[in-house]
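Numbering (this note's numbering), first residue to last: 16 to 586.
Glycine residues also receive a C-beta, built at the ideal position from the N, C-alpha and C atoms.
Computed from a prediction, not measured in an experiment: that's the story for all the values here.
Heads up: the structure comes next, in structure tokens.
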């Protein structure tokens with residue numbers, strides 16, 4: 016007979032240690048073994064009351080369990096097993112201990128022994144689903160699928176919300192391709208009423224797993240079921256980080272980015288220490304088109320860790336999208352302070368300076384980048400763009416030629432793009448190298464037949480020179496079809512029609528071009544030529560005057576206007 020102080024010591028030992036009885040287990044997570052509840056004894060002064068036979072067995076079982084715990088800590092699992100076996104013999108209603116010992120047997124491939132133990136546990140504990148779950152797993156190990164199926168179904172009869180058993184049953188049904196039964200079993204469990212957040216979390220995970228394993232079932236299962244399950248998990252356990260994370264991820268998968276951002280935000284308030292959570296939240300804000308909120312998260316990330324250059328890049332890229340170019344430049348520059356070996360950031364800075372017409376700063380940045388990355392073709396390519404913008408087309412051609420040579424020698428087989436050859440061709444045309452310009456525009460169109468700018472430029476160049484007019488007409492029509500509201504393209508179409516002698520057809524295109532591009536002297540000049548051809552001298556003079564007003568330094572336009580004004584009108 017144990018006296019009360021001995022019982023208290025045994026209980027303290029057993030409760031103070033969480034023990035895993037097997038070093039490896041089967042596919043379902045093993046459950047924690049809890050010692051049997053201690054019997055209640057009364058201590059009245061110096062007198063100790065006797066225990067009943069049942070209480071004495073439970074006390075002895077507890078003592079054996081505690082001894083097993085001590086033995087395992089001291090000498091390992093093998094030394095502890097006899098104590099655990101005796102504890103279970105004395106208290107066969109200890110379901111957790113029976114299951115764990117069965118798991119030990121299964122880890123040693125003794126499925127028959129595990130089966131026998133679990134059958135006994137199921138008989139001794141008729142209200143527990145756990146022995147049936149593990150009995151099914153033992154039958155699976157014995158390659159008895161029918162018996163395994165029956166065991167899993169029995170577990171669910173005892174506890175219809177036992178998701179572990181449902182998952183094991185679903186796995187077996189999927190192996191048998193019993194898809195209708197899979198849907199029926201999941202529907203049956205879905206209809207269970209529960210305010211247990213863990214139940215809904217586990218069910219949502221199971222829906223996700225089945226849909227991933229069998230995409231053809233997704234629609235039949237209900238594509239929103241997993242999200243709804245996770246939402247219920249959060250409803251009943253609002254501070255459960257795992258439930259919130261699963262809900263947020265599921266909303267992202269469904270492209271519900273605003274709802275996903277809300278879930279990630281709630282999770283961040285609960286678990287601000289979770290790695291990469293802020294990045295996920297920022298990216299979700301971006302996908303929800305909530306750019307300001309995303310920028311706020313990036314700024315918070317920088318405050319938390321000002322040494323992470325990637326965050327500055329993310330914020331700068333976002334600021335570019337929001338037309339906050341000055342802020343983007345500042346953040347790219349800070350990123351380069353932390354990590355100067357980022358060719359892409361050097362290039363982004365150059366592009367920003369070009370867009371702001373800060374050509375000196377763009378060249379300064381590109382020259383610095385050239386020292387670090389002498390074989391990167393984008394550096395001379397952007398240098399050529401800068402020189403073109405400065406109308407220094409000879410230097411631009413030299414830079415483009417260097418870029419083309421670097422691309423030819425690139426080990427990664429980088430090839431010039433359609434946009435590259437367009438820029439190269441435009442620079443050649445501006446220096447009068449017409450044949451080279453034609454060659455590069457044609458290369459541009461070979462690489463991208465939908466490059467409307469190249470089609471228009473080449474077509475207009477031929478039209479203006481009065482050569483290959485039919486081809487020019489086809490090219491320009493292609494450009495207009497791609498961008499029907501481009502004033503420049505409509506002007507080209509009117510001009511090529513004029514050159515083809517189809518003057519009346521040219522008029523509406525040029526009239527529309529004048530509406531769209533009011534400050535272009537060339538468009539007004541073309542309009543004047545067409546009007547003169549149609550005998551509308553006064554209107555032609557009006558457009559020539561506008562052309563001269565727009566470009567007063569153009570001596571050719573001024574001379575044309577003077578000649579037309581001085582010339583007497585035909586009767």
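In terms of Cβ geometry, residue 166 and residue 156 do not form a close pair [threshold 7 Å]. For the segment 435 to 464, the continuous alpha helix (DSSP H) assignments of 4+ residues that do not extend past its boundaries occur at 449 to 462, in sequence order. In this structure residue 401 is not in contact with residue 416, their Cβ atoms being roughly 15 Å apart against a cut-off of 8 Å. In summary, residue 83 is buried, with 16 or more beta-carbon neighbours lying within 10 Å of its beta-carbon over all protein chains present. Residue ranges of uninterrupted alpha helix (DSSP H) with 4 or more members, entirely inside the segment 77 to 107 and ordered along the chain, are 92 to 105. Using a 10 angstroms sphere on the CB of residue 273, the tally of other CB atoms stays under 16, which defines it as exposed. In this structure, the alpha-carbon of residue 509 lies about 11 Å from that of residue 495. Between residue 103 and residue 113, the gap from beta carbon to beta carbon is short of 7 Å. Secondary structure note for residue 135: its alpha helix (DSSP H) is the uninterrupted segment 126 to 139. Contact check for residue 497 and residue 465: beta-carbon distance about 6 Å, within the 8 Å limit, so the pair qualifies. DSSP, reduced to helix, strand and coil, places residue 392 outside both helices and strands of the structure shown, so it counts as coil. Residue environment analysis places residue 146 among the buried positions, since at least 16 neighbouring C-beta atoms fall within 10 angstroms of its C-beta. The residue among 444, 431, 442, 447 with its C-alpha nearest the C-alpha of residue 463 is 431. With a cutoff of 7 Å on beta-carbon distance, residue 259 and residue 281 are scored as near each other. Between the segment 380 to 400 and the segment 354 to 371 there are three or more inter-stretch CB-CB distances shorter than 8 Å, so the stretches are counted as touching. By the neighbour-count definition (other C-beta atoms within 10 Å, threshold 16), residue 337 is an exposed residue.
Here the alpha carbon of residue 541 sits roughly 15 Å from the alpha carbon of residue 564. Rounded to whole angstroms, the Cβ separation of residue 130 and residue 153 is 4 Å, and the two are in contact under 8 Å.
Shortest Cα-Cα distance from residue 504 to any of 483, 533, 468 involves 468. Going by beta carbons, residue 205 and residue 248 fall outside the 7 Å limit. Between the segment 219 to 236 and the segment 192 to 206, the count of Cβ pairs shorter than 8 Å is three or higher; the stretches touch. Residue 301 sits away from residue 292, with the two beta carbons spaced by 7 Å or more.
Counting only the Cα atoms, residue 515 lies some 11 Å from residue 479. With a 10 Å radius around the Cβ and a threshold of 16 neighbouring Cβ atoms, residue 119 comes out buried. From the listed residues 352, 234, 297, the smallest Cα separation to residue 332 is found for 297. Here residue 522 carries a helix assignment [DSSP, helix/strand/coil]. In the DSSP assignment, residue 493 falls within the unbroken alpha helix (DSSP H) covering 484 to 497. In its chain, beyond the 5 residues on either side, 43, 148, 151, 152, 167 have a beta carbon closer than 7 Å to the beta carbon of residue 183. If the five residues before and after residue 369 are omitted, its C-beta is found closer than 8 Å to the C-beta atoms of 377, 397, 400, 401, 404, all from its own chain and listed in chain order.
Secondary structure of residue 545 (DSSP, three-state): helix. At least 7 Å separates the beta-carbon of residue 513 from that of residue 526. In this structure, the beta-carbon distance from residue 110 to residue 81 does not fall below 7 Å. Per DSSP, residue 184 is one residue of the alpha helix (DSSP H) stretching across 178 to 190. In the structure shown, residue 159 falls within a coil segment according to DSSP collapsed to helix, strand and coil.
When secondary structure is reduced to three states using DSSP, residue 320 falls in the coil class, being assigned neither helix nor strand.
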